[in-house]
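Here the structure comes first, spelled out in structure tokens, and everything after it is commentary.
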Amino acid sequence: MTRHALVCSAFAASTACTTPPAPSNAPRDAVRVVHDVRYSPAAGADDGSGKDRLDLYLPQGKTAFPVLVSLHGGGLVEGDKNEQAFVGQTFASTGIGTAVVSYHLSPQVTHPRHVQDAAAAVAWVKKHIAEYGGNPALVFLTGHSAGAYLAGLLVTDGRYLAAVGLSLRDVRGVALVSGFYWVERVAPDRDRSIWGHDVASWVDASPAHHLGPGVPPVLLLYGDGEEAWRREQSQEMAAALRAAGNTEVAIAEIPGRDHGSIWLEMGAGGDVVAERIRRFVAERAGR
Numbered sequence: 032m033t034r035h036a037l038v039c040s041a042f043a044a045s046t047a048c049t050t051p052p053a054p055s056n057a058p059r060d061a062v063r064v065v066h067d068v069r070y071s072p073a074a075g076a077d078d079g080s081g082k083d084r085l086d087l088y089l090p091q092g093k094t095a096f097p098v099l100v101s102l103h104g105g106g107l108v109e110g111d112k113n114e115q116a117f118v119g120q121t122f123a124s125t126g127i128g129t130a131v132v133s134y135h136l137s138p139q140v141t142h143p144r145h146v147q148d149a150a151a152a153v154a155w156v157k158k159h160i161a162e163y164g165g166n167p168a169l170v171f172l173t174g175h176s177a178g179a180y181l182a183g184l185l186v187t188d189g190r191y192l193a194a195v196g197l198s199l200r201d202v203r204g205v206a207l208v209s210g211f212y213w214v215e216r217v218a219p220d221r222d223r224s225i226w227g228h229d230v231a232s233w234v235d236a237s238p239a240h241h242l243g244p245g246v247p248p249v250l251l252l253y254g255d256g257e258e259a260w261r262r263e264q265s266q267e268m269a270a271a272l273r274a275a276g277n278t279e280v281a282i283a284e285i286p287g288r289d290h291g292s293i294w295l296e297m298g299a300g301g302d303v304v305a306e307r308i309r310r311f312v313a314e315r316a317g318r
């Protein structure tokens, strides 16, 4: 049996699927980059941080392409879009427009500012991406670590998208890479500037405590070399999503990857994580 024939179904019933898909042999598209787009001009005076900006990576010569909004990791205390060009280049070169987003960080801000920024970025993409050739009906989310947490919160707790005039139906799917979904398990070991001191607030800030049957299709990825608690959060989240009535939930353990390499190796040709996300988007976009 060929490697391609061993590819697991996109929405397999098993808890984890470890066989990677065959890399795409499709030709790479040229990429146009638009830097430093301010996604929240209505938020008041520019604070000079540059954290309310995104970079667009656009496949040249394409129209009506799907768009991926990417949120970086860093524990909500570090990270920036300028370190994430490899994400935009990787997906735009395969025909998926990508908005690589910065957001305000703790200790300068506290929850829910991080997720409010993420919601504002999604709203900007929905409103403006057609001006750049993208299809606003085909907006997807992805993120790594804390970025996966933010993306997960956006598609489970509808308050944040509703605040910017959107709903869960405005997101066609979400690919969560090595995220965490129960804040009350994480917050005790993190700086209190992130979520504060109140345990009830930690619970309210947790994607896993806002699950219903209307979550968009979800792909969860994690590395076999990550800490046990990180692997368990992804596994438990997949089970909880299904228990809440969501049928389009896939999860895969990526062999030979730790918490950093599962994301940072995405820029390498034929990377299995990038390929899984590309296929996830392509299937949902009808490509």
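Here the sequence shown is numbered in my numbering, starting from 32 and rising by one per residue.
Where a beta carbon is used, it is the ideal one built from N, C-alpha and C, also for glycine.
On a predicted model such as this, the values are computed, not experimentally measured, just so you know.
If you count every other CB in all the chains shown that lies within 10 Å of the CB of residue 257, and 16 or more means buried, which is it?
Buried is the call here.
Open item on the list: Between 156, 151, 107, 125, which has its C-alpha nearest residue 179's C-alpha?
Closed with: Of 156, 151, 107, 125, the residue nearest in Cα terms is 107.
Check: Can you tell me where the beta strand (DSSP E) with residue 101 in it begins and where it stops?
Finding: Start and end: 96 to 102.
Check: Should residue 156 and residue 242 be called a contact, given that it needs their Cβ atoms to be closer than 9 Å?
Finding: Their beta carbons are not under 9 Å apart, which means residue 156 does not touch residue 242 by this criterion.
For the candidate residues 122, 109, 114, whose alpha-carbon lies nearest to that of residue 140?
When only C-alpha atoms are compared, the closest one is 109.
Taking just the CA atoms, how far does residue 286 sit from residue 188? Going by the C-alpha atoms only, they are around 31 Å apart.
Self-check item: Residue closest to residue 148, alpha-carbon to alpha-carbon, out of 171, 244, 70, 251
Solution: For residue 148, the nearest C-alpha among the options comes from 70.
Quick check on the DSSP output: the beta strand (DSSP E) that includes residue 173 runs from which residue to which?
Counting along the chain, the beta strand (DSSP E) containing residue 173 begins and ends at 165 to 175.
Review point. In whole angstroms, what is the alpha-carbon distance linking residue 30 and residue 117?
Key: Since the first residue shown for the chain is 32 and the last is 318, residue 30 is missing from the structure and cannot be characterised.
Residue 86, enclosing beta strand (DSSP E) - first and last residue: The continuous beta strand (DSSP E) containing residue 86 extends over residues 84 to 90.
Under 9 Å between the Cβ atoms of residue 120 and residue 101?
In this structure, residue 101 does not lie closer than 9 Å to residue 120 by Cβ.
When DSSP labels each residue in this structure, what does residue 187 get in the three-state scheme?
Here DSSP, grouped into helix, strand and coil, assigns residue 187 to coil.
Q | Check whether residue 201 and residue 153 have beta carbons under 9 Å apart | A | If you check the CB distance, residue 201 and residue 153 come in under 9 Å.
field: Residues of its chain near residue 138, where Cβ-Cβ distance is below 6 Å and the 5 sequence neighbours each way are ignored
entry: Taking residue 138 as the centre and dropping the five residues before and after it, the same chain places the C-beta of 224 closer than 6 Å to its C-beta, in chain order.
Review point. Per DSSP, which one or two residues make a beta bridge with residue 129?
Key: Its beta-bridge partners are 88, 99.
- Message: With the cut-off set at 9 Å, would you say residue 150 and residue 194 are in Cβ contact?
- Response: Their beta carbons are under 9 Å apart, which means residue 150 touches residue 194 by this criterion.
Let me confirm a value: residue 233 is counted as buried when at least 16 other C-beta atoms fall within 10 Å, else exposed. Which label applies? Counting other Cβ atoms within 10 Å of its Cβ, residue 233 reaches 16 or more and is therefore classed as buried.
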